[in-house]
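Numbering (our numbering), first residue to last: 5 to 305.
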């Protein structure tokens with residue numbers, strides 16, 4: 005047998021207290037259950053003098069139990085529809101070129117001061133541009149390639165105005181030419197009418213002179229028939245067509261006097277006077293003429 009001693013494990017003290025408490029609780033529960041089973045209800049004496057029908061016994065109502073408060077349902081929440089926002093504007097990716105600053109025109113004195121340097125000082129050099137030459141060329145090409153709609157509209161208006169001005173000038177020129185032409189035609193017509201009147205007057209004078217020559221020669225050959233009274237108003241007009249030798253190609257009475265023997269005496273006297281005197285001017289003008297005869301011409305009055 006070895007001399008080593010084995011020590012038994014010692015249970016903690018709180019384990020014994022736990023077991024003791026559990027046992028007490030079990031005993032208490034057992035005691036209460038047995039007492040409840042052995043209890044008999046106590047019957048109270050009742051008065052049987054009054055018998056009532058069970059159906060007449062109304063159920064006693066205890067105190068009214070307050071009704072539970074009505075649960076009011078909360079009103080339905082309004083669904084707020086967010087407003088539809090317009091789409092964001094399109095952003096032009098091209099860079100925004102600021103407008104060029106236009107300097108006001110300088111007064112003549114300021115221009116003179118800027119352009120004419122003082123005596124003894126060299127002329128100021130123009131400011132050097134920081135933009136390279138290639139970049140300046142590109143900017144110039146872009147500005148030339150851009151088309152200003154207002155400039156085109158102004159040019160079209162100027163062109164239309166110029167066309168209207170040219171058309172108006174052409175119309176005025178045509179009206180002036182037409183008026184001048186009409187005025188010239190009017191003057192020419194007046195001159196021709198005047199010349200005709202002058203010529204007619206001259207020819208009329210020559211005709212009157214020529215008719216008088218023929219009437220004088222016929223009157224020398226004319227013998228009035230008997231029975232014609234002095235102062236009797238008779239007139240016979242004879243149309244003659246003459247030849248270049250003074251002979252008569254045709255003779256016709258265009259107006260009778262009313263006395264046939266007087267008319268026949270006139271035609272006999274004309275035939276006796278052949279050849280008739282010729283005109284001094286154009287023969288074609290006087291080869292057709294009319295002669296007027298009255299009794300006074302036969303008497304030499």
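From the three backbone atoms N, C-alpha and C, an ideal C-beta is built for every residue, glycine too. These figures come from a predicted structure and were not determined experimentally.
Do residue i and residue j have their C-beta atoms within less than 7 Å of each other?
i           : j           : result
residue 193 : residue 225 : no
residue 229 : residue 261 : no
residue 223 : residue 301 : yes
residue 255 : residue 238 : no
residue 297 : residue 240 : yes
Return the chain-ordered list of same chain residues with a C-beta closer than 8 Å to the C-beta of residue i, the five sequence neighbours on each side being excluded.
i           : result
residue 281 : 214, 217, 218, 221, 250
residue 115 : Caution is warranted here: a pLDDT of 48 is assigned to residue 115, below 50, making its placement in the model unreliable, and the coordinate value is therefore given only provisionally. Correct list: empty, nothing qualifies.
residue 271 : 242, 255, 257
Count the other CB atoms within 10 Å of the CB of residue i; is the residue buried (16 or more) or exposed (fewer)?
i           : result
residue 161 : exposed
residue 242 : buried
residue 2   : What the structure shows of the chain is the stretch from 5 to 305, and residue 2 is not part of that stretch, so it cannot be assessed.
residue 62  : Because residue 62 carries a pLDDT of 45, less than 50, the predicted location of this residue cannot be relied on, and the following value inherits that uncertainty. So residue 62 counts as exposed.
residue 169 : exposed
residue 279 : exposed
residue 3   : Since the first residue of the chain shown is 5 and the last is 305, residue 3 is not available in this structure.
residue 277 : buried
residue 188 : exposed
residue 198 : exposed
residue 295 : buried
residue 47  : The pLDDT assigned to residue 47 is 48, lower than 50, so where the model puts this residue is not dependable; a value taken from the coordinates is nonetheless given after this. The residue in question, residue 47, is exposed, as its Cβ has fewer than 16 Cβ neighbours within 10 Å.
With a CB to CB cut of under 7 Å and the five nearest residues on each side skipped, what residues in its chain are close to residue i?
i           : result
residue 247 : 253
residue 191 : none
Mind checking who residue i pairs with in its DSSP beta bridge?
i           : result
residue 245 : 254, 292
residue 240 : 297
residue 259 : 241
Pick from the options: whose alpha carbon is nearest that of residue i?
i           : options           : result
residue 207 : 173, 33, 284, 236 : 284
residue 211 : 24, 29, 288       : 288
residue 275 : 286, 29, 227, 264 : 227
residue 265 : 23, 178, 299, 27  : 299
residue 286 : 203, 263, 27, 271 : 203
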